[in-house]
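So the sequence shown is numbered by the numbering used here: it starts at 4 and just counts up by one. Note that CB positions come from ideal geometry on N, CA and C, so glycine has one too. Reading through the structure tokens given below for one structure.
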Amino acid sequence: MNSPLTPGIAANRLDTQTLAQNFADLHAPLNPHEAAVAADRCYFCHDAPCITACPTDIDIPLFIRQIATGTPEAAAMTIFDQNILGGMCARVCPTEDLCEQACVREMAEGKPVEIGRLQRYATDRLMDKGVMPYTRATATGKRVAVVGAGPAGLACAHRLAMLGHEVTIYDAKPKAGGLNEYGIAAYKSTDDFAAKEVAWLCSIGGITIENGKALGAALSLDGLADDFDAVFLGVGLGGVNALAVDGADKAGVADAVSFIADLRQADDLTRLPVGRNVVVIGGGMTAVDVAVQSKLLGAETVTIAYRRGREAMSASRYEQDLAASNGVKLMFNVMPKAIHGNGAAVEIELEYTATKDGRLQGTGETLRLPADQIYRAIGQTLTTDAGLTLDGGKIAVTGAGRTSRARVWAGGDCAAGGDDLTVTAVAEGRDAAMDIHATLMEGA
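Structure, rendered in structure tokens:
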């Protein structure tokens, strides 16, 4: 599998059994006894700070009490009423920075209630029954187009379908799910859970998904606005920021998002090539996901190079520690200066940085690292604005996702103002659906 241009990149670095172990579920699901013990640690606070910290406003003490009293299916309904993608959020949500960080146990003892794992326990129990617990309201006769089958679009579509509207989801990818399907580390979402969740969510009825259709010339916002009563845009951020240094076009340099997508869709991980010396540029969760998975695939050295200090990384401290525990080296206050090699990457030259007069700048001091595979995880950009007003490079919204155009809403990563988190996207999709419903039913 070696290429003449990329001699350090090869497949089959590890055998099938080792890879299966490496990419097993990051957190094994709780069994009933473990769930009962974990639930018993909750104080069931009346004015619970964990609820305030949850972007979807799940009544966390209530669902934990329901688990403690032996009714996990009721707990799941408490979760799904607020977050229909609660199963995935239980797996990928940075609970250590949200609900668990706000937990009274965390503040008092340094060990929070395991809210994320308890949420997974409850939602899995209900979803494993294979039955959609929600039913559709009487048909309204209204039709809504949702562009993007990621968390925001799916949450919006489900709530609209539940309220009696007919929904058509258009998505550019071959599979629905958005980042849940293509952009999350494989060890966080195993056993094809993203696809199973989409199928379960759509089983409510009234939702049609058309794949391979992106917003653009063939699928215009004008056309959708003419054909449907309302439009919701949950298109995410499809573009990847370029690495503006000499040698960035050499073989072995790629974007992190594509790497994760390829890994998530691979049928055989032994066939996925990985370098001996991997360097990831960036400081977010995507950078961590790429770095850790490169190490799990068999890379000898993996380094995350971030231009600022540890405290500025958008990846949580938990994610940073996860990377370190898997043998990833974290380097701070370094930025790429050049990539060296004859046609293919061999080394990356990094420059040390410092903040002077409030501005980050290079110090002139450099170092070189062996690097035959370099991934840029330095942010994503909106690929289409559909003629809408923008705010900071994203679609400007007011209220519950209203854009500058009447009867067009937006939410998730493509919309301005929110965190780029799955749970935030779900909240924005849900809230937009409620606003769409209220608008469509005015005077009805």
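In its own chain, which residues sit with a C-beta less than 6 Å from the C-beta of F83, not counting the 5 before and 5 after it? G89
I think L29 touches K199, with their Cβ atoms under 8 Å apart; what is that distance to the nearest whole Å? The pair is not a contact, with the Cβ atoms about 18 Å apart (cut-off 8 Å).
To the nearest angstrom, how far is the alpha carbon of M4 from that of V281? With a pLDDT of 40 at M4, under the threshold of 50, the modelled position of this residue cannot be trusted, and the question is left open.
Taking the alpha carbon of V147 as the point to measure from, which residue in E103, T211 and A179 has its own alpha carbon closest? T211
Going by other Cβ atoms of all chains shown within 10 Å of its Cβ, with 16 needed for buried, is V293 buried or exposed? buried
Using the three-state DSSP reduction, which class does Y459 fall into: helix, strand or coil? Limits of the chain in this structure are 4 at one end and 447 at the other, which puts residue 459 out of reach.
From A38 to G151, what distance separates their C-alpha atoms? 35 Å
Since P339 is in the beta strand (DSSP E), which residue starts that stretch and which ends it? V337 to H343
Say yes only if the C-beta of K359 is nearer than 8 Å to one or more non-hydrogen atoms of the ligand PLP, and no if none qualify. This structure lacks the ligand PLP, and indeed carries no ligand of any kind.
For A430, count neighbouring Cβ atoms within 10 angstroms of its own Cβ and tell me buried if that reaches 16, exposed if not. buried
Taking only three categories from DSSP, how would you classify P7? For P7, the pLDDT reaches just 47, beneath the cut-off of 50, and the residue's location in the model is therefore unreliable, leaving the point undetermined.
Span separating the alpha-carbon of P7 from that of A409: Unreliable positioning characterises P7 in this predicted model, as indicated by a pLDDT of 47, which lies under 50. A coordinate reading is not provided.
Taking the beta strand (DSSP E) that T356 falls in, what are its first and last residues? E350 to K359
Thinking L224 and A348 are a contact (beta carbons under 8 Å), I'd like their distance in whole angstroms, please. About 40 Å separates the two Cβ atoms, so there is no contact after all.
I'd like the list of long-range same chain contacts for Q451, defined as Cβ closer than 6 Å, with 5 residues on each side in sequence excluded. Any answer about residue 451 is impossible in this case: the structure gives the chain only from 4 up to 447.
Cα-Cα separation, A374 to A27: 27 Å
If the criterion is Cβ atoms closer than 9 Å, does the pair F66 and L121 meet it? yes
Would you say the region 171 to 181 touches the region 12 to 28, given that touching needs at least three Cβ pairs under 8 Å? no
Close beta carbons around E99, own chain, < 7 Å, minus the five adjacent residues each side: S319 and Y321
Whole-angstrom C-beta distance between E76 and L33, which should lie under 8 Å: Not a contact, Cβ separation roughly 15 Å.
Leaving out five residues before and five after T126 in sequence, what residues of the same chain have Cβ atoms less than 8 Å from its Cβ? A79, I82, F83, G89, G90 and A93
From which residue to which residue does the beta strand (DSSP E) around R410 run? First-last for R410: undefined, no H or E at that position.
Under 9 Å between the Cβ atoms of G458 and A428? Outside the displayed span of the chain (4 to 447) sits residue 458, for which this structure offers no information.
With H, G and I counted as helix, E and B as strand and the rest as coil, what does DSSP make of L224? helix
Of all the options I207, A41, G242 and L266, which has the alpha carbon lying nearest to the alpha carbon of G119? A41
Three or more C-beta pairs under 8 Å: does that hold for the region 228 to 237 against the region 355 to 370? no
Name the two residues that bound the continuous alpha helix (DSSP H) containing I284. It is not in any alpha helix (DSSP H) - I284 instead sits in the beta strand (DSSP E) that spans N280 to I284.
Starting from D100, follow the beta strand (DSSP E) in both directions and report where the run begins and ends. No beta strand (DSSP E) holds D100; DSSP gives it neither H nor E.
Taking 9 Å as the threshold (C-beta atoms), are R371 and E350 in contact? yes
What number of angstroms, rounded off, separates the C-alpha of A220 from the C-alpha of N214? 16 Å
Span of the alpha helix (DSSP H), counted from its first residue to its last, around P35: P35 to D43
Closest to A341 by C-alpha separation, out of E354, L333 and N329, would be which residue? E354
In chain order, each alpha helix (DSSP H) run of at least 4 residues that lies wholly inside the region 201 to 272: 224 to 230 and 259 to 268
With distances taken from CA atoms, which of E184, G156, Y137 and N183 is nearest M165? Y137
For M316, does the count of other Cβ atoms within 10 angstroms reach 16, so buried, or fall short, so exposed? buried
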